[in-house]
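Enquirer:
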Amino acid sequence: MKWRTLLLLLLILYLYNRDTCTWSKFPGPEAPDIAAETGVYFVNTSRCRMSAMDAVSPKALSFVQRLGPFECPKVQLLRAATIKGHNYLIRDLVELDLWRCCAVRRLRDVFCAYQQLQYCTDFRTHVLGTQYFALDPRSEYMRVPDGLQMLRVYCWVDFGRVIFHDVLLFVPPPHAPHPVAERGGGGLPSERLSVLVLGIDSLSHLHYRRSFPHVAAYIRHLPHTELWGYNRVGDNSYPNIVPLLTGLTAQELERRCLRRRRSYDECRFLWNEFHDAGYMTAFGEDTAKGGTFTYRKRGFEHQPTDFYLRPVLQEMRLHTTYEARGDFDVKCTAGRRYEEVLFDFVQRLMPHMQQRDFFAFMWQTQGVHDYFNYARIADQDYLQLLQQLHQSRILDNTLVLLLSDHGLRFDPFAKTFQGMQEASQPLGIALYPPWLQRHFPLAMRNLQRNAHRLVTTFDLHETLKDVMDLKGRLRDASIRNRSHRLGNPRGVSLFLPVPEQRDCRSAHIPDHYCLCHTLKQIPTDTPTVQRIAGFIVSHINHLLRPYPQCRQLSLEEIEKAYVRRDHGATGGSTDQTTITVLVVTEPGNGHFAGTALASNVTALHGRITRSDAYGAQAYCIRDFRFEMYCCCG
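Letter 10 of the sequence shown, counting from 1, is numbered 482 in the numbering used here, and no numbers are missing.
1) If you follow the alpha helix (DSSP H) that residue 724 is part of, which residue opens it and which one closes it?
2) When the distance is taken between beta carbons, is residue 1081 closer than 8 Å to residue 758?
3) When DSSP labels each residue in this structure, what does residue 703 get in the three-state scheme?
4) Considering Cα atoms alone, identify which of 541, 721 and 693 is closest to residue 855.
5) Leaving aside the five residues before and after residue 656 along the sequence, list all residues of the same chain whose C-beta is less than 6 Å from its C-beta, in chain order.
6) Tell me which same chain residues have a C-beta within less than 6 Å of the C-beta of residue 904, skipping the five on either side of it?
7) In chain order, which beta strand (DSSP E) runs of at least 3 residues are fully inside the region 1023-1103?
8) For the alpha helix (DSSP H) that residue 955 lies in, which residues bound it at each end?
9) For residue 1083, count neighbouring Cβ atoms within 10 angstroms of its own Cβ and tell me buried if that reaches 16, exposed if not.
10) Classify residue 1105 as helix, strand or coil using the three-state DSSP reduction.
11) Go to residue 745, then tell me how far its beta strand (DSSP E) extends in each direction, as first and last residue.
12) Are the beta-carbon atoms of residue 989 and residue 1077 separated by less than 8 Å?
13) Cα separation between residue 675 and residue 1026?
14) Tell me where the alpha helix (DSSP H) around residue 1005 begins and ends.
15) Fully enclosed by the region 863-945, which alpha helix (DSSP H) runs are 4 residues long or longer?
16) Please classify residue 989: does DSSP put it in a helix, a strand, or coil?
17) When DSSP labels each residue in this structure, what does residue 778 get in the three-state scheme?
18) Specify the secondary structure class of residue 817 as computed by DSSP and reduced to three states.
19) With respect to 7 Å, is the separation between the Cβ of residue 1034 and the closest non-hydrogen atom of the ligand ATP below this value?
20) Answer yes or no: do residue 817 and residue 874 have a C-beta to C-beta separation smaller than 8 Å?
21) Does the separation of the CB atoms of residue 939 and residue 515 fall below 8 Å?
22) Whole angstroms is fine: what's the gap from residue 565's alpha carbon to residue 579's?
23) Residue 542 by DSSP, collapsed to three states: which one?
24) Using a Cβ-Cβ cutoff of less than 8 Å, which residues in the same chain neighbour residue 617 once the five nearest sequence positions on both sides are dropped?
25) For the alpha helix (DSSP H) containing residue 713, name the first residue and the last one.
26) Rounded to whole angstroms, how far is the Cβ of residue 1056 from the Cβ of residue 994, which I believe are closer than 8 Å?
27) Using the DSSP secondary-structure output, state which residues sit across from residue 767 in a beta bridge.
28) Quick check on the DSSP output: the beta strand (DSSP E) that includes residue 679 runs from which residue to which?
29) Nearest to residue 524 by CA position, among 987, 861 and 797, is which residue?
30) Could you tell me which uninterrupted beta strand (DSSP E) segments, each at least 3 residues in length, are contained entirely in the region 559-595, listed from first to last along the chain?
31) Going by C-alpha to C-alpha distance, which of 714, 584, 753 and 891 sits closest to residue 824?
32) Specify the secondary structure class of residue 859 as computed by DSSP and reduced to three states.
33) Tell me which residues share the same chain as residue 851 and place their Cβ nearer than 7 Å to its Cβ, disregarding the 5 neighbours each side in the sequence.
34) When you compare each of 783, 974 and 991 to residue 641 by their alpha carbons, which one comes out closest?
35) Keeping to the same chain, check which residues put their C-beta closer than 6 Å to that of residue 932; ignore five residues upstream and five downstream.
36) Whose C-alpha, out of 519, 808 and 894, is nearest the C-alpha of residue 544?
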């Protein structure tokens, strides 16, 4: 009996470890040793050495926690579906389910109404009308007008007790079969590729390796390239996404098309270029308050793409949102998490993706933006999505970018040395059809070699423009000609050789985010470190001077300091050595970091970043550029 008891205990221990430690071993073939992929560097060129780190280092694993119960407890009484061109509300619960969840005995006691909604601007929708109805116990299907795309539905019993409230989306079916792309000459399957950007906020490349074991295992069997030298160019989502979508910095975009205008309508984005080339376009985010172009910004006054999720999320935020039950502060609507709404949007677009060329930009923020452990929940969601894209043959003609904007910024992990480094190395993976390698061997060899070159979203922008004309842009002769004329610009298509001599300056990466350095911790009590710390606090106070409602900060503590030595053209010159200092300020207990030259502390290299969540501290300021520095009085 003793040995049986021992075996049982060992089995329980194994199952527990398997559940809580899926980050350490991927299913299927053994995961490669990341640190060994390029020796000790992710990038090792004459002007950039990006040190390799271990995804499952003891420090990183110390932040992994067992996932507790987590759910959206309200019921999903109705869902939307388009069947043979007609719109229906489909009842998902039977009478027994209603009794268990809502103490409702009979379906016919439930009364409902829906409002027909129409997009006006990013901040306003128009109610076209209201229709009342009762649930029919004889049928799960209720027909609603065709052509509608957005309904707000609520159901009640007992003269006003609401049991269901949600915003539902209909995506009209394709009108007629549309060829995916013209066939090219010489057996070329297609003249151009579709594009699907699957963005996951705040996910570093190494955190992907820790937290997405199922996706990583699945992708290993698909043609793909992992961009180990992908470096952020800005602090948060906006300055990293803008170069991807426009080829410009955020400041250049605003000078070009926002100075005298109320919205982004006159700005030129990638989806405009793809639309002009005959592509179907779509844009979706799983947040309304924190949208890329709407958080403390002007948004759009006209729908920017053919299919647009923003108005649905905005209605949810105003009318149906509530907090999930569990360990994570994420938003729900009825029985769904916000990110489930995003995935549902992608799935509803798949019939369009199968019939015509498309450019779709999707971005998840919920959960992954704030919590180290939430990414493990997203792993299964993305696995299922990739499987559906593969099974539906959409991947046969699509370039998929699975990428992020930066690593975690506000989780406690961000305060560690590894977390600070990972914040500047977001996830970047390109998945592509296998026939590209046969028809465009030189372009694809360049893409694979660029896996270990310093790259940014400026490069991804140029890469995506190439897929609209494969024959004209990716033929070997064209690649040779373009490579010969390339130079060292800030944006290089990854189908071309990224220059071996590229460094952070030529790639337009501020020194504060640049990973082409060795970092060594140094004492915090040296005069140089103390001068930089004082300058960081003084600079924050200078930025806040136009906002008297924000309190002036004082230096509470110098947490850490690191010397950065460039392996490039400076040759480690002392005059060009930069130092990054981490400080704590009061009031508000803010944790900030800044980088400056050791020899001349008169300017910062990049923005001052923050590594703790400031939440309601900044309630009194609406300027997104400075709110993270503000502690309201």
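Built from N, CA and C at the ideal position, the CB exists for glycine as well.
Expert: Taking the structure as given:
1) Bounds of the alpha helix (DSSP H) holding residue 724 are 722-729.
2) By the CB criterion at 8 Å, residue 758 and residue 1081 fall outside the cutoff.
3) In the structure shown, residue 703 sits in coil (DSSP, three-state: anything other than H, G, I, E or B).
4) 693 is the residue among 541, 721 and 693 whose C-alpha sits nearest the C-alpha of residue 855.
5) Any reading at residue 656 is ruled out, since the residue's pLDDT is 47, under 50, leaving its predicted position unreliable.
6) Excluding sequence positions up to five before and after residue 904, its CB lies within less than 6 Å of the CB of 695 and 871, all in the same chain and listed in chain order.
7) If we require 3 residues or more, the beta strand (DSSP E) runs fully inside the region 1023-1103 come out as 1026-1038, 1050-1058 and 1062-1069.
8) 948-956 is the extent of the alpha helix (DSSP H) around residue 955.
9) By the neighbour-count definition (other C-beta atoms within 10 Å, threshold 16), residue 1083 is a buried residue.
10) DSSP places residue 1105 outside both helix and strand once states are collapsed to three, so it counts as coil.
11) It is not in any beta strand (DSSP E) - residue 745 instead sits in the alpha helix (DSSP H) that spans 742-748.
12) No, they are not a contact pair.
13) For residue 675 and residue 1026, the distance between alpha carbons rounds to 32 Å.
14) Residue 1005 -> alpha helix (DSSP H) spans 999-1015.
15) Entirely contained in the region 863-945, the alpha helix (DSSP H) runs reaching 4 residues are, in chain order, 889-894, 907-911, 913-921 and 929-938.
16) It is a strand residue.
17) Coil.
18) Three-state DSSP puts residue 817 in a helix.
19) By its list of ligands, the structure shown contains no ligand whatsoever, and the ligand ATP lies outside what it can speak to.
20) Cβ atoms of residue 817 and residue 874: not closer than 8 Å.
21) For residue 939 and residue 515, no; Cβs fall outside 8 Å.
22) Roughly 9 Å between the two C-alpha positions.
23) Note: residue 542 maps to strand in three-state DSSP.
24) In chain order, 559 and 588 place their CB closer than 8 Å to the CB of residue 617, counting only its own chain and leaving out the 5 sequence neighbours on each side.
25) 709-718 is the extent of the alpha helix (DSSP H) around residue 713.
26) The Cβ separation is near 18 Å, so there is no contact.
27) Paired residues: none, contrary to the question.
28) For residue 679, there is no enclosing beta strand (DSSP E); the enclosing alpha helix (DSSP H) has its first and last residue at 677-683.
29) Sorting 987, 861 and 797 by C-alpha distance to the C-alpha of residue 524 places 987 at the top.
30) Runs found: 583-593.
31) Each of 714, 584, 753 and 891 was checked against the Cα of residue 824, and the nearest Cα belongs to 753.
32) Residue state, collapsed to three classes: helix.
33) Setting aside the 5 residues that flank it on each side, residue 851 is surrounded in the same chain by 683, 684, 685, 686 and 687, each with a C-beta closer than 7 Å to its C-beta; the list follows chain order.
34) Ranking 783, 974 and 991 by Cα distance to residue 641 puts 783 first.
35) Hits under 6 Å: 716.
36) In terms of Cα proximity to residue 544, the closest of 519, 808 and 894 is 808.
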